[in-house]
Amino acid sequence: MLKLFNTLTGRQEVFEPIEPNKVGMYVCGVTVYDYCHIGHARSALVFDVFRRYLESCGYAVTFVKNFTDVDDKIIKRAQEQGVSCDAVTTKYIRAYHEDMGKLGIRVATEEPKATEHIADIIQLTERLVAKGLAYVVDGDVYFEVAKYPEYGRLSKRRLEDLQAGARVDVDERKRHPMDFALWKSSKPGEPAWQSPWGPGRPGWHIECSAMSIRHLGETFDIHGGGMDLIFPHHENEIAQSCGSTGKDFARYWVHNGFVQVNQEKMSKSLGNFFTIREIFEKSEWSEEVTGEILRYFLLSTHYHGPLDFSDQALKEAKNALNGFYDLFGRLAEPSGETESDQILSQAIDRCRVTFKAALDDDLNTPVAIAALQGLRSDVNKLTEKGLSSEGRKKVRQEFHVLGNVLGLFQSDKWQFGGPFVAPIGQARETDVALSVGVKQSGLSDSEIEDLLRERNEARGKKHFKRADEIRHSLAAHGIIIEDKPDGTSRWKR
RNA sequence: GGCGCCGUACCCAAGUGGUAAGGGAGCAGUCUGCAAAACUGCGAUGCAGCGGUUCGAACCCGCUCGGCGCCUCCA
């Protein structure tokens with residue numbers, strides 16, 4: 018039974034979908050005027066895991082994530098670069114998919130764009146004007162917050178408090194400083210659509226109301242996004258949507274915490290952000306490995322709390338992951354021993370139970386990961402005592418299935434650290450795996466394997482001095498050799 | 001000024017009334033030609049500090065100190 022922390026009520030609540038076995042979930046995506054940073058990645062990843070977990074619980078999930086593709090910042094960026102807004106948004110939508118794809122974040126069921134929903138936006142705005150909740154001034158349309166008594170419910174703010182703190186220039190034409198634009202008349206050269214109030218473009222908040230209602234209906238289950246969207250964005254969405262439809266809007270509001278750097282929020286204005294592609298470019302690990310490191314790192318803290326980004330944190334994630342992949346490597350090796358086979362399923366069951374309980378508890382991914390660590394520890398002991406090939410395969414499959422919810426352990430090419438080296442003279446069966454887990458620079462795989470062959474020949478002749486020379490020279494390149502009892506070796510970086 | 005969050009071992013991080021999960025790093029040992037991996041053992045009598053409530057508190061209440069977020073575009 019899944020429990021969620023609902024920002025609307027400030028409490029953890031049992032999740033009950035409107036329709037049994039179905040979930041409609043809307044998450045605010047990004048404004049596409051620049052590359053995404055690791056904070057965007059966290060938000061995207063958290064809701065990707067929400068979606069995966071709901072699916073693994075048997076729900077049919079309709080997951081909608083929008084792109085804001087009309088906005089002041091986009092217009093500004095297009096003017097700076099002397100290109101069309103369309104060129105800007107196309108470029109960064111593609112970049113979004115590239116970056117998030119590297120993190121294993123799945124494409125949503127629907128990924129609507131604001132510009133594809135202008136008719137819906139106009140219709141929604143018209144209804145608000147007709148109901149007297151919005152007013153028109155010189156081609157602009159504003160939502161009148163004073164007409165909506167529930168305003169402030171989500172963010173737990175009162176209009177009076179907001180007024181006291183407001184330090185923005187107040188548009189004299191607005192009836193209340195907190196009134197916000199549903200529709201903006203356009204200046205020459207800006208993107209514009211025809212509307213009952215003249216040519217213009219949508220305000221920021223209305224698009225999400227329009228798109229969520231269009232794709233999920235007037236009332237739906239879950240609405241998510243970063244904590245910084247609670248006010249004013251989500252507050253305004255609620256006001257517009259409920260004001261217009263007279264019905265409840267989203268029932269559960271879920272917000273993820275920030276990625277920080279040195280205890281401070283990562284943000285563009287502070288200049289302390291790292292883009293996703295920058296991290297991949299700087300990584301000494303392959304793309305696949307880097308993606309999994311980031312995923313592990315981002316899920317190692319509960320989604321609601323802050324998360325401090327640092328090189329050390331990534332290094333720790335890599336080390337933790339090494340433990341799993343070292344085990345997977347051993348699980349791929351054949352074994353005729355069966356001592357532990359009978360108690361294997363107990364260990365697996367134990368892990369399943371704690372894993373599910375953790376995610377049921379408001380998607381507690383750190384505890385879920387701890388459950389997987391527990392299984393790793395158990396299986397290490399079992400393999401030591403003797404686990405058959407079948408048992409090894411079974412438990413690797415279990416890691417695959419459970420890991421899938423978090424997007425971890427999905428590579429069938431198990432060599433996270435490096436490829437397995439076949440005994441001398443035997444065919445190299447593992448060539449398919451060579452691209453995995455390899456640092457982006459350094460010795461090539463064939464160079465390493467040649468040296469390893471030479472070393473194993475030396476070892477066979479008890480020429481340990483030469484063998485150690487090779488070990489040390491490979492170590493200088495960051496290559497670690499593991500000798501197995503049968504005289505063969507494997508290596509990793 | 002208003003609203004809210006956080007402070008748990010060297011680092012990361014769960015736990016929100018019943019006596020401190022898990023990971024990383026470190027140290028010692030077993031194994032190993034060496035090494036790595038794995039295994040075994042060690043590590044907070046205490047959860048920012050001080051009071052209070054309770055049979056019992058990291059968890060509840062109050063105060064203090066320190067850090068942060070939102071109120072303005074922001075994942």
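Residue numbers for the first sequence follow the numbering used here, so the first one is 18 and each next one is one higher.
From the three backbone atoms N, C-alpha and C, an ideal C-beta is built for every residue, glycine too.
Treat the numbers as computed from the prediction; the structure is a model and nothing was measured.
Could you give the C-beta distance for L275 and G56, rounded to a whole number, given that I count them as a contact under 8 Å?
Residue identity check: residue 275 is Phe in the sequence provided, not Leu. Correct: roughly 6 Å between the Cβ atoms.
In angstroms with no decimal places, state the Cα-to-Cα distance between R476 and R68.
Within the model, the alpha-carbon separation for R476 versus R68 is close to 52 Å.
Pull up the distance between the alpha-carbon of R507 and that of V124, whole angstroms please.
Going by the C-alpha atoms only, they are around 36 Å apart.
Endpoints, alpha helix (DSSP H) assigned at A147
Where A147 is concerned, the enclosing alpha helix (DSSP H) starts and stops at 135-147.
Excluding the five sequence neighbours on either side, which residues of its own chain have a C-beta within less than 8 Å of the C-beta of I35, listed in chain order?
If we look at I35 and ignore the five residues flanking it on each side, its Cβ neighbours are G41, T236, F237, D238, R268.
Backbone CA spacing between A337 and P249 [nearest angstrom]:
Roughly 39 Å between the two C-alpha positions.
Below 8 Å on the Cβ atoms is my contact criterion, and I expect G220 with A198 to pass it. Report the Cβ-Cβ distance as a whole number of Å.
So it is a contact: roughly 4 Å between Cβ atoms.
Excluding the 5 residues preceding and the 5 following L145 in the sequence, name in chain order all residues of the same chain whose CB lies nearer than 7 Å to its CB.
Here the set comprises A151, F160, L199, Q257, G260, S261.
On the three-state DSSP scale, how would you describe D485?
Three-state DSSP puts D485 in a helix.
How long is the line joining the alpha carbons of T48 and Y109, rounded to whole angstroms?
Answer to the nearest angstrom: the Cα atoms are 9 Å apart.
Just mark K478 as buried or exposed, buried being the case when its beta carbon has 16 or more other beta carbons within 10 Å.
That one is exposed.
Assuming V271 and L21 are in contact, meaning their beta carbons sit under 8 Å apart, how far apart are those beta carbons, in whole angstroms?
Sure, about 6 Å apart at Cβ, within 8 Å.
What do you reckon, are the CB atoms on T132 and I223 nearer than 8 Å?
If you check the CB distance, T132 and I223 do not come in under 8 Å.
What does the Cβ neighbour count give for E252, buried or exposed, with the cut at 16 atoms within 10 Å?
Burial call: buried.
Three-state secondary structure (DSSP) of C74:
Assignment of C74 by DSSP, reduced to helix, strand and coil, places it in the coil class.
Pick out whichever of D328, E415, T24, R347 has its Cα sitting closest to the Cα of D500.
The option with the nearest alpha carbon to D500 is R347.
Take the Cβ of N9 as the centre, count every other Cβ of all protein chains shown within 10 Å, and call the residue buried at 16 or more, exposed below.
The displayed coordinates of the chain run from 18 to 510. Any statement about residue 9 would go beyond what the structure contains.
Could you tell me if the beta carbon of G322 falls within a distance shorter than 7 Å of some heavy atom in the ligand ATP?
Only the bare structure without any ligand can be found here, which leaves the ligand ATP out of the picture.
As an exercise, report each continuous beta strand (DSSP E) stretch of at least 3 residues that is fully enclosed by the segment 208-248, in chain order.
Listed in chain order, they are 217-219, 237-243.
Which class does R445 belong to by DSSP, given the choice of helix, strand or coil?
Low local confidence applies: a pLDDT of 33 at R445 is under 50, so the model's placement there is unreliable, and no value is given.
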